[in-house]
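Residue numbers (this note's numbering), protein chains in the order written: chain S, 1412 to 1751; chain D, 1412 to 1751.
Each residue gets a CB set at the ideal place from its N, CA and C atoms; glycine is no exception.
Right, one structure below, let's go through it.
Number of protein chains: 2
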Amino acid sequence: MRRERATIHDIAKKLNITASTVSRALKNHPRISDETKKAVLKVAEKLNYQPNHIAAALRNGRSKIIGIIVPTADRSFFSSVVRGIEEIANTAQYNVMICQSYDNYEKEVATVEALLNARVDGIIASYAKGTEDFDHFLKVKNKGIPLIMFDRSSEELEVSSVIIDDYQGAYNAVKHLINQGCKRIAHFTGIKKISIYRERFRGYREALQDHGIPYDESLVIGSNMQLDDGRESMLKLLSLSAPPDAVFSASDYSAMGAMQVLKERNIRIPQDIALVGFGNEPFTWFSEPQLTTIDQRSKQMGNATAEIFLEQIGAKNKPFVPKKTVLKPELIVRKSSQRK
Amino acid sequence: MRRERATIHDIAKKLNITASTVSRALKNHPRISDETKKAVLKVAEKLNYQPNHIAAALRNGRSKIIGIIVPTADRSFFSSVVRGIEEIANTAQYNVMICQSYDNYEKEVATVEALLNARVDGIIASYAKGTEDFDHFLKVKNKGIPLIMFDRSSEELEVSSVIIDDYQGAYNAVKHLINQGCKRIAHFTGIKKISIYRERFRGYREALQDHGIPYDESLVIGSNMQLDDGRESMLKLLSLSAPPDAVFSASDYSAMGAMQVLKERNIRIPQDIALVGFGNEPFTWFSEPQLTTIDQRSKQMGNATAEIFLEQIGAKNKPFVPKKTVLKPELIVRKSSQRK
DNA sequence: TTCTAATATGCAATCGATTGCGCACAAAAT
DNA sequence: ATTTTGTGCGCAATCGATTGCATATTAGAA
């Protein structure tokens, strides 16, 4: 079955024309007669012609591929961002190449290298938790390849980014808890290095302050924010002499862990302890009670990054000015925090 | 900052040698002296040389990229398979290009086309729910490009595939329910077109038969197997004059829907109705009670597909014999079905 | 009728890396 | 002193599509 692959030269030969004409005909060039175009299309079909983007990419210096680096694709947030990117990218004839860093620095570096080798036209990324050094991303930028960060970004990179207003999201969540009558609100936070956690923490703290609730350091627990971490953190809180009456977790995963612990101990949610997560992961909707959380506008985030990419690609020679887009998060109130 | 990209020719010029030598030096060719190799590496470093895989791909006719098509990346099953593929592929210097069909036929066709244009060296796929026509996949096969299907495959394609023994998984699940004392076991099934659902149904039915339980058609409900479908199906079952005392769902998602309904109505799980899902999605572990389910060996599945790919690539000229690998699923018993 | 302007297509270089073949020189074998 | 074997590297073609710059043909203008 292995037919030799047909090229534009094969098509040209059949029609006694040159490859130039075939190339132009296939691209619907205005200076090629309709007659020739039709003939070319017909022969292309017959020969089972398959355009070779590799050859075109080499010649043009553009691969029409956008590389995407996400920590992991199996988080609905990230896959939703990817979908948002694809929506826009596809309309501009771009394809995407999704890569996972698995939140691992080395893998991230290797991935960036692979994407550069593959000569992608741009990279859209959210960096790994383990990343502290941004040289690999700087390299991308210095090669003049558009780089756009989303969700997790770093100031030192000085590239365009799309994030949500983590501060505002956290602030609203905590304000909501206060409105529900909560007075001792705990907070689960992640690695300080990642700005989203710092911002969420800031929102938490300022909301407390603005409502006259004293900040209690013992109520803030840092961890890796996975389910198990949430369990552990909750246990710590319960062992306090004065346990909290609410938990605002900077991640849905650790909020779920906390919920498990509370249910195991027959502590009522939200009456005894109210819970709010962050991320609007699908499982927050499955849980019992359903978890109040904050939606991160993943689809819009994807759209926005892709649009910035297209802008940057379009403005090749103009001086580059990093652009920071901040999306408004949305508090989604569900049973886990509704006391009234 | 936009430096011109350095090529092997630039390196060659600096050293007064030819590009051939540089190319060989970079690939550690034995016929190049260590001295030259060192010099080349040094200059490459200095010029910030970045290999151009596009050029190499064009010349070699191999892109060293494997295209992966999954319905959606945000299902832990699929992302885990991808991870399994990457593990193996990376060791053989292959990179992967993950694409999502969003369970949409048109998008799947377009994706296959894009991957062919990108000249991937092989395609690993699990087809979309909406796919009934396999011409696009046949095209891949007929072009002599290795195509391996996983999880969802089709006999008519006659390509290698890796699946789990859905029949066995279902059989074991139902047998387990029977052992727990269940007598009226319902079943949620998906589109008949997809063989995994047919097989799971067959396992269900034969397990009943082998244990002397009569098959009752009214207990089998077909749907799209999402959370909402599970809710709806459960409601239907509850409205029967003789409701079931167990549900075996061919998907974790619809099992979760059923669980929600049962909890809302204060029907005890597993005492009144026992539940078993399929897939071992992470949320089955979060649920209350935790859901008994069947693990699909996603990582191994990925490993296996990648290994088959490498085999096929290695055996370029030998006659192609499709190879079917069947993995053994594992029943994971949790609270939702443990009556004893 | 001669000249200008479209119109349709060809020529040939180019993108960057790879590789079979060949050549020169040196070391080893006869 | 030849011949053989090996080492280190250059030459030039190749992969397939693209495109600036001709060229040939025809239609319209002067």
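Proximal chain S residues relative to residue i, where beta-carbon distance stays under 9 Å
| i | result |
| --- | --- |
| THR1600 (chain D) | Those within 9 Å of THR1600 (chain D) in chain S number zero; the least Cβ separation is about 21 Å. |
| MET1667 (chain D) | PHE1694, PHE1697 |
| ILE1607 (chain D) | In chain order: nothing, as chain S lies at least about 20 Å away. |
| ILE1743 (chain D) | Within 9 Å Cβ-Cβ: nothing; ILE1743 (chain D) doesn't reach chain S, min ~17 Å. |
Limits of the beta strand (DSSP E) - the one that residue i falls within
| i | result |
| --- | --- |
| THR1704 (chain D) | 1704–1706 |
| ILE1575 (chain D) | 1571–1575 |
| THR1736 (chain S) | 1735–1738 |
| LEU1686 (chain D) | 1685–1687 |
| ILE1395 (chain D) | No answer is possible for residue 1395 (chain D): the residues shown for chain D start at 1412 and end at 1751. |
| VAL1481 (chain S) | 1476–1481 |
Best match in the options for proximity to residue i [C-alpha to C-alpha]
| i | options | result |
| --- | --- | --- |
| ALA1597 (chain D) | D:GLY1641, D:LYS1518, D:THR1716 | D:GLY1641 |
| GLU1497 (chain S) | S:ILE1684, S:ARG1486, S:ALA1717 | S:ALA1717 |
| VAL1523 (chain D) | D:ARG1745, D:ILE1480, D:GLY1713 | D:ILE1480 |
| LEU1738 (chain D) | D:HIS1622, D:GLN1579, D:PRO1557, D:GLU1628 | D:GLN1579 |
| GLN1682 (chain D) | D:GLY1533, D:TYR1460, D:PRO1700, D:SER1650 | D:PRO1700 |
| ALA1450 (chain D) | D:ASN1463, D:VAL1433, D:ALA1466, D:GLY1690 | D:VAL1433 |
| PHE1694 (chain S) | S:ASN1677, S:ALA1657, S:SER1665, S:GLY1713 | S:SER1665 |
| ALA1417 (chain D) | D:GLN1461, D:ARG1530, D:VAL1551 | D:GLN1461 |
| ILE1624 (chain D) | D:THR1483, D:ILE1575, D:LEU1588 | D:LEU1588 |
| PRO1654 (chain D) | D:SER1660, D:MET1645, D:SER1662, D:SER1747 | D:MET1645 |
| VAL1687 (chain D) | D:LEU1649, D:ARG1708, D:ARG1750, D:ILE1724 | D:ARG1750 |
| ASN1501 (chain D) | S:VAL1658, S:ARG1473, S:ALA1685, S:CYS1510 | S:CYS1510 |
| MET1636 (chain S) | S:ASN1583, S:PRO1733, S:ALA1685, S:GLY1690 | S:GLY1690 |
| HIS1464 (chain S) | D:LYS1457, D:ALA1436, D:SER1474 | D:SER1474 |
| LEU1527 (chain S) | S:ILE1477, S:ILE1499, S:ASP1485 | S:ILE1477 |
| SER1662 (chain S) | S:VAL1520, S:ARG1486, S:ALA1715, S:GLU1543 | S:ARG1486 |
| LYS1729 (chain D) | D:VAL1658, D:PRO1557, D:ILE1678, D:ARG1616 | D:PRO1557 |
| LYS1734 (chain D) | D:VAL1573, D:MET1670, D:ILE1678 | D:VAL1573 |
| SER1564 (chain D) | D:VAL1585, D:ALA1436, D:ALA1536 | D:ALA1536 |
Simplified DSSP assignment, three categories, for residue i
| i | result |
| --- | --- |
| PHE1599 (chain S) | strand |
| ASN1447 (chain D) | Correcting the residue identity first, residue 1447 (chain D) is Thr in this sequence and not Asn. Helix. |
| GLN1723 (chain S) | helix |
| MET1412 (chain S) | Confidence at MET1412 (chain S) is low in this model, with a pLDDT of 41, below 50, so its placement is unreliable and no value can be given for it. |
| GLY1592 (chain S) | coil |
| SER1564 (chain S) | coil |
| ALA1536 (chain D) | strand |
| PHE1760 (chain D) | It is not possible to answer for residue 1760 (chain D), since the shown part of chain D is limited to 1412 through 1751. |
| PHE1545 (chain S) | coil |
| ALA1417 (chain D) | coil |
| PHE1731 (chain S) | coil |
| ILE1509 (chain D) | strand |
| ALA1653 (chain D) | coil |
| SER1747 (chain S) | helix |
| SER1698 (chain D) | coil |
| LYS1586 (chain S) | helix |
| ILE1624 (chain D) | coil |
| VAL1829 (chain S) | For residue 1829 (chain S) there is no data in the structure shown, the boundaries of chain S being 1412 and 1751. |
Within chain S, partners of residue i - CB distance below 8 Å
| i | result |
| --- | --- |
| ARG1530 (chain D) | ASN1463, HIS1464, ILE1465 |
| LEU1568 (chain D) | Result: empty, since nearest Cβ-Cβ is about 13 Å, beyond 8 Å. |
Opening and closing residue of the alpha helix (DSSP H) in which residue i lies
| i | result |
| --- | --- |
| LEU1752 (chain D) | Summary: the structure shown does not reach residue 1752 (chain D), with chain D confined to residues 1412 through 1751, and so no result is reported for it. |
| GLU1741 (chain S) | Careful: GLU1741 (chain S) lies outside any alpha helix (DSSP H), inside the beta strand (DSSP E) at 1741–1743. |
| GLY1633 (chain D) | Per DSSP, GLY1633 (chain D) belongs to no alpha helix (DSSP H); it is in the beta strand (DSSP E), 1631–1633. |
| GLN1671 (chain S) | 1663–1675 |
| VAL1523 (chain S) | 1516–1528 |
| GLY1614 (chain D) | 1606–1621 |
| VAL1433 (chain D) | 1430–1437 |
| ASN1556 (chain D) | First, the residue type needs correcting, since residue 1556 (chain D) is Ile and not Asn in the sequence shown. Segment: none, ILE1556 (chain D) is in no alpha helix (DSSP H) and carries neither H nor E. |
| ALA1468 (chain S) | 1464–1471 |
Residues that residue i contacts on chain S, provided the C-beta gap is smaller than 7 Å
| i | result |
| --- | --- |
| LYS1729 (chain D) | Simply none; closest approach about 12 Å. |
Under 8 Å by beta carbon: chain D residues contacting residue i
| i | result |
| --- | --- |
| SER1474 (chain S) | ILE1465 |
| ILE1419 (chain S) | Those within 8 Å of ILE1419 (chain S) in chain D number zero; the least Cβ separation is about 14 Å. |
Chain-ordered neighbours of residue i on chain D, where CB pairs are closer than 7 Å
| i | result |
| --- | --- |
| ILE1480 (chain S) | Chain D residues near ILE1480 (chain S): none, gap ~12 Å exceeds 7 Å. |
Along the stretch 1686–1702 of chain S, where does the CB come closer than 7 Å to a CB of chain D? Name the residues. PHE1694, PHE1697, SER1698, GLU1699
At a CB distance below 7 Å, what residues from the stretch 1437–1470 of chain S approach chain D? Give them in sequence order. Those would be GLN1461, PRO1462, ASN1463, HIS1464, ILE1465, ALA1466, ALA1468, LEU1469, in chain order.
The stretch 1483–1507 of chain D: positions lying closer than 9 Å to chain S by Cβ: THR1483, ALA1484, ASP1485, ARG1486, SER1487, PHE1488, PHE1489, SER1490, SER1491, VAL1493, ARG1494, GLU1497, ASN1501, ASN1506, VAL1507
Can you give me, in chain order, the residues of the stretch 1520–1549 of chain S that have a beta carbon less than 8 Å from any beta carbon in chain D? ALA1525, LEU1527, ASN1528, ALA1529, ARG1530
Along the stretch 1634–1664 of chain S, what residues have a CB closer than 8 Å to any CB found in chain D? LEU1638
With 7 Å as the C-beta to C-beta threshold (strictly closer), list the residues of the stretch 1674–1686 of chain S near chain D in chain order. LYS1674
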